[in-house]
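Please read the structure below before turning to the comments.
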Amino acid sequence: MNTELDLGIDRVIRAPRKQVWDAWTDPANLAQWWVPAPTRCRVERLDVRPGGAFVTLMSDDGDAFVPHLDACFLVVDEYERIVFTNALDSGWRPASPAPVPMTAEIVLLDHPDGTDYRVVVRHGDPAARARHAELGFAEGWGTTTAQLARLVEGETGRRRSPSRNSSPSTA
66 MNTELDLGID RVIRAPRKQV WDAWTDPANL AQWWVPAPTR CRVERLDVRP
116 GGAFVTLMSD DGDAFVPHLD ACFLVVDEYE RIVFTNALDS GWRPASPAPV
166 PMTAEIVLLD HPDGTDYRVV VRHGDPAARA RHAELGFAEG WGTTTAQLAR
216 LVEGETGRRR SPSRNSSPST A
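Numbered as in our numbering, the sequence shown ends at 236 without a single skipped number.
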């Protein structure tokens with residue numbers, strides 16, 4: 066990671082890599098964590114393959130959705146790595162996205178406690194990196210990473226915990 070151009074997040078997520086991968090590659094899962102709550106996310110296109118589209122919308126009220134991300138996947142290594150950029154839109158056209166153009170790399174590695182989750186967001190120059198940091202990269206990407214962790218760690222807990230009450234709920 067180039068500290069003059071890149072921003073990053075490293076976190077151990079207490080869930081298997083496949084669950085973290087599925088949270089990234091299944092539209093219903095991605096919509097649950099991809100934007101900081103309470104803002105809602107709608108996944109318009111998620112074609113997880115090199116050259117595939119990555120398009121999301123967001124809404125503060127749950128009714129009116131506005132553009133959030135129009136990007137293109139560059140690299141997809143199943144269960145290991147996803148790289149996407151908003152410098153190319155979903156139609157492979159050069160873009161000048163607001164607030165900054167970036168290329169994000171998500172790496173999933175095995176860890177004794179689950180998944181070593183690493184994000185590196187690359188910028189073209191120090192000014193773009195600084196702008197992204199000023200706009201709240203650490204808070205925004207940190208929040209969504211925490212939401213991702215809650216989603217998949219909750220799934221792991223539900224899979225490992227035996228049911229305490231096997232009868233249907235009457236509530």
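Glycine included, C-beta positions come from ideal geometry on N, C-alpha and C.
Proximity to residue i [Cα-Cα], best of the options
| i | options | result |
| --- | --- | --- |
| D142 | V172, A193, A192 | V172 |
| R187 | L95, T168, D125 | T168 |
| V140 | S124, V113, H133 | V113 |
| W86 | C137, E109, V148, G127 | V148 |
| A16 | R107, T210, C137 | Outside the displayed span of the chain (66 to 236) sits residue 16, for which this structure offers no information. |
| L111 | D135, G201, V165 | D135 |
| L216 | G73, D125, A96 | A96 |
| E109 | D125, P92, P115, S124 | P92 |
| D75 | T210, T104, P162, G116 | T210 |
Opposing strand residues paired with residue i [DSSP bridges]
| i | result |
| --- | --- |
| D75 | R183 |
| R146 | D142, V172 |
| F130 | In the DSSP output, where bridge partners are listed per residue, F130 has none listed. |
| A153 | Before going on, a small fix: residue 153 reads as Leu here, not Ala. The partner list for L153 (beta bridge, DSSP) reads P159. |
Per-residue DSSP class, three states only, for residue i
| i | result |
| --- | --- |
| A191 | Note that residue 191 is Pro in the sequence shown, not Ala. Helix, per DSSP. |
| E109 | strand |
| P233 | Interpretation of P233 is limited by its pLDDT of 36, a score under 50 that renders its predicted location unreliable; no figure is taken from the coordinates. |
| E69 | coil |
| F202 | helix |
| E170 | strand |
| L87 | The displayed chain sequence assigns Asp, not Leu, to residue 87. Helix, per DSSP. |
| T208 | helix |
| A136 | strand |
| P159 | strand |
| V217 | helix |
| A118 | strand |
Burial state of residue i, where buried means 16 or more other Cβ atoms lie within 10 Å
| i | result |
| --- | --- |
| V131 | exposed |
| E204 | exposed |
| A129 | exposed |
| L213 | buried |
| T180 | buried |
Inset, instruction - Check whether the region 66-77 touches the region 193-211, taking contact to mean three or more Cβ pairs, one atom from each stretch, closer than 8 Å. - result: yes
Inset, instruction - Inspect the CB distances between the region 173-193 and the region 90-101 and report whether three or more fall short of 8 Å. - result: no
Legend entry - Given 8 Å, three or more beta-carbon pairs between the region 113-132 and the region 148-155: yes
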